[in-house]
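> Quick one: the structure is below, questions incoming.
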Amino acid sequence: IASDKASDARVVVATYDTGTNPFHPCFRRPSGPSAFDAIPEIRGVAEPLRLTFEDDYQSSLAASQAALAEMLPFTLYAIEGTNLLVYTGANGAADLIDNDPHGAQASSQITCAEYGMAPEGFLVIVNWYYNSGAAQLAIERWSAEQPWIDVIHLNIQRITPMPYTPATGYTVDAIQAMVNAGKLVVIA
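Quick note on the working numbering: the sequence shown kicks off at 1228 and runs consecutively.
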């Protein structure tokens, strides 16, 4: 799937992890196509997220607090001037900002301009790790239902063939639903 779409810069990868560093320069695309231009299916669905990009992470985070505070749960946002989108879970803005920084490292390997595997693509940040129970299930269903997501990258540790419960986490059933919906699923 990804190789078929690489030429048109529209590969969309959803990564399930602990969030990312949306302020990292490698995600900035001030002159590239916006997510709204490259992914027409999100027009009227996604909200624009206007973060402030300063010289360093802490300054950027501080300057973006007002925008982050307005983020709603279970909402798709396109971060203006970057190749990033975020689908929030129950935690709103806390699902975007990676405090681990496990998700930030993994996401940069996917769509970072300098060394990512799909530098011309778009990345949807999905923080599965810090959500639980019904929130995890809602996130799983949401990503399987989005026809514009090509690849789902599951960078999580708990995958089980058992029925979904908050204790067991991600289920084979959820992965199968994603595959049945035409997604390429990569488990890291």
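Using N, Cα and C, we set each Cβ at its ideal position, and we do this for glycine too.
(1) Of all the options Pro1346, Asn1382, Gln1373, which has the alpha carbon lying nearest to the alpha carbon of Asn1354?
(2) How many Å lie between Asp1283 and Ala1293 at the Cα?
(3) Just how far apart, CA to CA, sit Ala1415 and Gly1343?
(4) What first and last residue would you give for the beta strand (DSSP E) that runs through Ala1379?
(5) Below 6 Å CB to CB, which residues in the same chain sit around Val1313 once its five sequence neighbours on both sides are set aside?
(6) Just to confirm, is the Cβ distance from Trp1375 to Val1239 under 8 Å?
(7) Could you spell out where the alpha helix (DSSP H) holding Ala1361 opens and where it closes?
(8) Using three-state DSSP, classify Ala1394 as helix, strand or coil.
(9) What's the C-alpha gap between Val1412 and Ala1371?
(10) Which residue or residues does DSSP assign as beta-bridge partners of Thr1247?
(11) Please name the residue in Ala1362, Ile1306, Gly1319, Ala1289 whose C-alpha comes closest to that of Met1298.
(12) Buried or exposed, going by whether 16 or more other CB atoms sit within 10 Å of the CB of Gln1373?
In terms of the structure at hand:
(1) Restricting attention to Pro1346, Asn1382, Gln1373, the CA atom closest to the CA of Asn1354 is found in Asn1382.
(2) Rounded to whole angstroms, Asp1283 to Ala1293 spans 18 Å at the Cα level.
(3) Taking the straight line from one Cα to the other gives about 16 Å.
(4) According to the sequence shown, residue 1379 is Ile rather than Ala. Ile1379 -> beta strand (DSSP E) spans 1378-1381.
(5) Counting only Cβ-Cβ distances below 6 Å, and skipping sequence neighbours, we find Tyr1304, Leu1323, Ile1352.
(6) Trp1375 places its beta carbon less than 8 Å from that of Val1239.
(7) Element bounds for Ala1361: 1361-1372.
(8) A caution first: Ala1394 carries a pLDDT of 48, below 50, which makes its placement in the model too unreliable to give a value.
(9) Each residue's alpha carbon lies about 10 Å from the other.
(10) Thr1247 has Ile1324 as its beta-bridge partners, per DSSP.
(11) For Met1298, the nearest C-alpha among the options comes from Gly1319.
(12) Buried: at least 16 other Cβ atoms inside 10 Å.
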